[in-house]
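Asker: Count along the sequence shown starting at 1, add 152, and that's the number in my numbering.
We put the beta carbon where it would ideally sit given N, CA and C, even for glycine.
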Amino acid sequence: MEDIFNIPIKDIMTKSVIVVNKDYNVIKAFELMLKYKISSLPVVENNKVIGIVTTTDIGYNLIKDKYSLETTVKEVMTKNVITINENETIKDAIKKMSGQKDNEIINQLPVVNDNDELVGIVSDGDIIRAISKRI
């Protein structure tokens with residue numbers, strides 16, 4: 153039986169990633185996430201991850217009226233993004249996703265290649281599906 157925790161991320165990640173650039177309007181970014189039913193958008197520049205925005209972050213601040221129509225993704229994105237290499241494993245992803253800061257769980261990790269270029273995204277749902285198929 154294969155060790156499910158040693159499955160490479162590249163075998164379970166989503167390869168078609170919806171991304172935005174830093175100058176993208178934050179309200180349009182939120183609409184994009186709602187349209188595609190995704191909870192985060194990597195922010196890329198020259199195919200490198202420079203940030204990430206989430207529906208939780210944007211939605212909460214929209215409700216609080218903290219954004220104007222001119223607010224850009226650059227102004228609100230998380231800059232210190234935790235990524236995972238495509239050759240790392242499910243076990244590595246679980247370690248990165250659990251309890252980073254203030255015991256906050258990370259639900260998605262942008263996946264990068266050896267050149268730190270974005271090649272996919274892996275979510276907690278991807279990991280659960282991969283494990284459930286093998287147990």
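#1: Does residue 223 come out as helix, strand or coil in the three-state DSSP assignment?
#2: Is the beta carbon of residue 272 sitting closer than 7 Å to the one on residue 166?
#3: Going by Cα to Cα distance, which pick from 274, 179, 156, 241 is closest to residue 227?
#4: Taking all protein chains shown into account, decide if residue 203 is buried (16 or more other Cβ within 10 angstroms of its Cβ) or exposed.
#5: Rounded to whole angstroms, what is the Cα-Cα separation between residue 220 and residue 260?
#6: Could you tell me the alpha carbon to alpha carbon distance between residue 183 and residue 223, rounded to whole angstroms?
Answerer: Taking the definition as stated:
#1: coil
#2: Yes, these two residues count as a Cβ contact at 7 Å.
#3: 179
#4: buried
#5: Their backbone Cα atoms lie some 27 Å apart in a straight line.
#6: 14 Å
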